[in-house]
Every structure is written in C-alpha cells, then in structure tokens.
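Novice:
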Amino acid sequence: MILSIESSCDDSSIAITDIATKELLFHQKISQEADHATYGGVVPELASRLHAIALPQILEGLKEYFPKLKAVAVTNQPGLGVTLLEGIAMAKTLAMLLEIPLIEVNHLKGHIYSLFIEKEAITPLLVLLISGGHTQIIKVESFEKMQLLATSMDDSVGESFDKVAKMMGLGYPGGPIIENLARDGDEDRFAFPVPLRNSPLLAFSLSGLKNAVRVEIEKLGGKEALSQQDQSDISASFQKAIKLHLIQKSKKIFKNEAIKDFAIVGGASANLYIRKAYEKLCNEFDKTMHLAPLQYCSDNAAMIGRYAIESYEKKIFIDPAKIDIGVTKKLQSGDYL
Ligand code: KG4
Ligand code: ZN
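Rendered as structure tokens:
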C-alpha cells in the first residue's frame with residue numbers, strides 16, 4: 098500500500114491506495130474553506146498552521162496500516178511553499194521511520210490521475226486542467242511525456258470565479274457560488290468581452306474579463322447596490338464569456354490533434370455548465386470525454402496516491418534528505434510538465 102499526502106493549498110488530505118489492485122482503501126480530506134472565507138481567498142500562513150493540526154489528526158487513525166506500507170507519497174509542487182512543507186515534513190518523517198521509499202508528486206499530474214482512481218490509465222489523452230492555480234491544455238502521451246499545449250497568461254479559471262464572487266461580496270470559494278447564481282441569471286444581459294477572441298494566440302487570459310465585470314459592478318452602484326437578479330445576471334454573463342473563451346481555444350487544438358480521448362480535471366471541472374459545453378464540442382469532433390468523480394475534482398490525496406502507484410512501479414523515488422518544494426518555473430506552451 099501507498100500512503101499519500103496532499104497539502105498544496107487549503108485541503109489537508111491523506112489516502113491509502115493498494116498498489117496491485119489500485120483500490121482506494123482510505124481517503125479523508127479536511128477542507129479549510131470556512132477558515133479562509135472571511136478573507137475571500139487562501140491566507141498561506143493560516144493554511145500552513147491548519148495543515149499542522151489537520152494532517153496528524155487524520156494520520157492518528159491510520160497506524161494499523163503502517164506495517165503494510167510500501168511507500169509514502171507527497172505533493173511537492175506546485176503550490177504554496179509553506180503549506181507544501183507541512184505535507185513534506187510528515188511524509189519524509191514517515192518514510193525514514195518506516196524505512197520505506199518516498200515519492201514526490203507534481204500536483205498537476207496528480208489532477209490528471211484523478212481520472213484513473215481505481216482504474217487503469219488511458220493514454221494518449223488531451224486534458225483541460227482548470228483549477229484555482231492553473232488553466233492549461235496538456236497533451237498526455239504517456240506517464241513520462243506530458244506536454245503543455247496552452248496555458249494562462251494571468252488569472253486561472255478558478256481564481257477568476259473566486260475574484261468575481263469576492264467583488265460581489267459573496268464568499269469563498271467562488272466557483273460553486275457563481276455557478277449556482279448563474280442558473281437563475283440572464284447570460285445575455287451583459288456583453289462581457291470574450292478574451293483573446295481575435296487573437297491567434299493559443300493561450301488563456303482572464304484578467305481583462307475580470308476587470309470588465311468590476312467596471313459593470315461599479316456602474317450598477319457597487320456590490321451593496323446589487324439585487325439578487327443583478328448578481329445572477331453578472332454570474333451568468335461572466336460564466337458564458339469564460340465558456341466561450343475556453344471552447345474557442347480548445348477548438349483550435351481539437352482541429353490539430355487526432356487524439357480521441359479528452360478529459361477535464363481540476364476544481365473548476367466540477368462546473369456543470371462548462372462540462373455541458375465540452376460535451377457538445379466532443380460530439381462535434383468525435384472525441385470521448387472523461388471526467389473524474391465529482392469528489393475528486395478538487396484537491397485530494399487519492400489522486401496523489403493513484404499517480405504514485407506508477408512512480409512506485411517505475412521505482413522513481415526521492416531521498417528524504419533531498420526532497421524540497423519544487424522550483425516553480427513558469428511553464429510555456431510546448432514545455433513538458
Ligand atoms: O483544483 P482545486 O481544488 O485547487 C487547485 O489546485 O487550485 O481548485 C479550486 C478552484 C477554486 O478556485 C474554486 O472556485 C474552483 O476550483 N471551483 C469551481 C467550481 N468548483 C470549484 N469553479 C467553477 N465552477 C465550479 N463549480
Ligand atoms: Zn489542485
């Protein structure tokens with residue numbers, strides 16, 4: 098079995114996965130969303146302190162598994178340095194005490210493997226990763242070969258939902274709040290600009306759209322002046338612009354990539370409105386769409402454990418004395434993850 102730990106942002110999570118069968122034997126996640134809600138976003142130092150409490154709380158109940166563990170896995174990048182270190186400290190201590198190998202996991206690759214929890218992996222695969230930190234399209238040729246085809250120039254999808262919710266004084270995380278409000282909204286009331294609509298660039302950009310929403314809220318008299326209908330209409334119009342942006346750029350890639358399988362992963366992949374738009378696009382291009390179960394779209398240790406099985410089988414381990422948070426180099430399109 099592999100014990101895996103995730104602490105890259107505001108979720109403290111540990112999982113135990115059976116290496117041979119890929120069965121998820123245990124999974125628990127303690128979310129800090131409520132603790133960060135009053136700040137409208139994640140406060141790194143607070144997140145780190147909360148991981149220091151939550152991770153041992155989860156681990157406490159897992160001692161019976163210790164004799165059966167063959168490896169410990171942990172997210173080491175990308176993420177918040179101070180929160181990653183909490184998971185890393187626990188993982189390397191366990192690996193040294195139990196004298197078992199340590200596996201480092203890239204969080205983005207972990208999200209991709211959320212598709213394969215308790216399943217065999219499918220490759221080649223095109224993946225849209227939409228999370229709080231990233232908006233990317235990745236060509237997954239194999240476990241070793243994952244190439245970035247398009248990435249965000251500024252804010253990510255999840256982040257822009259969070260910021261728009263914050264602008265309307267609606268709490269955190271913004272994604273589910275905006276999606277719910279949008280259901281009762283008129284998506285054509287505000288003609289927010291679709292980012293990079295006339296640009297040949299294969300990239301994502303959401304800061305201009307975010308500013309357009311800010312200006313509209315000001316025109317309506319500020320967040321205090323918004324009626325529930327205004328909030329719904331803003332949410333729906335904003336969500337529509339994001340959808341059109343994602344679909345337009347994805348379409349360009351679909352035209353050039355023959356790969357049949359396509360997947361959406363990451364926290365914002367829980368968004369049903371975006372999922373629906375991609376179902377249509379996949380039908381048009383005769384692609385098969387894959388999604389992770391809803392509970393594994395957002396950050397979790399089950400996906401880290403699933404990825405770690407592949408590393409374990411390939412004997413890709415890291416010395417506990419050498420593991421560190423990864424250097425977060427900004428990847429450009431064409432780079433390998
Ligand atoms: O993958 P994730 O849990 O964390 C990162 O790796 O960043 O993603 C969290 C993000 C948040 O920004 C949250 O607002 C967004 O995912 N999110 C959504 C939805 N549910 C969560 N965004 C849009 N629609 C949703 N239904
Ligand atoms: Zn994530």
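This note's numbering applies: residue 98 is where the sequence shown begins, and numbers increase by one.
Don't be surprised by glycine CBs; every beta carbon is placed ideally from N, CA and C.
Fair warning: this is a prediction, and the values are worked out from it, not measured in the lab.
Based on the DSSP secondary-structure assignment, which residues constitute the bridge partners of residue 433?
Specialist: Residue 433 is bridged to 244.
Novice: Please confirm whether any heavy atom of the ligand KG4 lies closer than 7 Å to the CB of residue 259.
Specialist: Yes, Cβ of residue 259 sits closer than 7 Å to a heavy atom of the ligand KG4.
Novice: Apart from the five residues on each side of it in sequence, which residues of its chain come closer than 8 Å, Cβ to Cβ, to residue 424?
Specialist: Closer than 8 Å at Cβ, skipping near neighbours: 174.
Novice: For residue 123 and residue 294, I'd like the C-alpha separation in whole angstroms.
Specialist: Rounded to whole angstroms, residue 123 to residue 294 spans 45 Å at the Cα level.
Novice: Tell me the DSSP secondary structure of residue 122 in three-state form.
Specialist: Here residue 122 sits in strand by DSSP.
Novice: Please determine if the stretch 205 to 219 and the stretch 178 to 197 are in contact, where contact requires at least 3 C-beta pairs separated by less than 8 Å.
Specialist: The stretch 205 to 219, when compared against the stretch 178 to 197, does not touch it at the 8 Å Cβ threshold.
Novice: Is it buried or exposed, residue 403, if we count other Cβ atoms within 10 angstroms and call 16 or more buried?
Specialist: Classification for residue 403: buried.
Novice: Can you tell me whether residue 383 is buried or exposed? The criterion is at least 16 other CB atoms within 10 Å of its CB, across all chains shown.
Specialist: Result: exposed.
Novice: Quick check on the DSSP output: the beta strand (DSSP E) that includes residue 224 runs from which residue to which?
Specialist: 222 to 227 is the extent of the beta strand (DSSP E) around residue 224.
Novice: If I follow the unbroken alpha helix (DSSP H) through residue 133, where does it start and stop?
Specialist: Start and end: 130 to 134.
Novice: Locate the alpha helix (DSSP H) running through residue 366, then write down its first and last residues.
Specialist: First-last for residue 366: undefined, no H or E at that position.
Novice: Name the residue from 304, 283, 285 and 282 whose alpha carbon lies nearest to the alpha carbon of residue 292.
Specialist: The option with the nearest alpha carbon to residue 292 is 304.
Novice: Smallest Cα separation from residue 307: which of 113, 365 and 265?
Specialist: The shortest Cα separation from residue 307 among 113, 365 and 265 belongs to 265.
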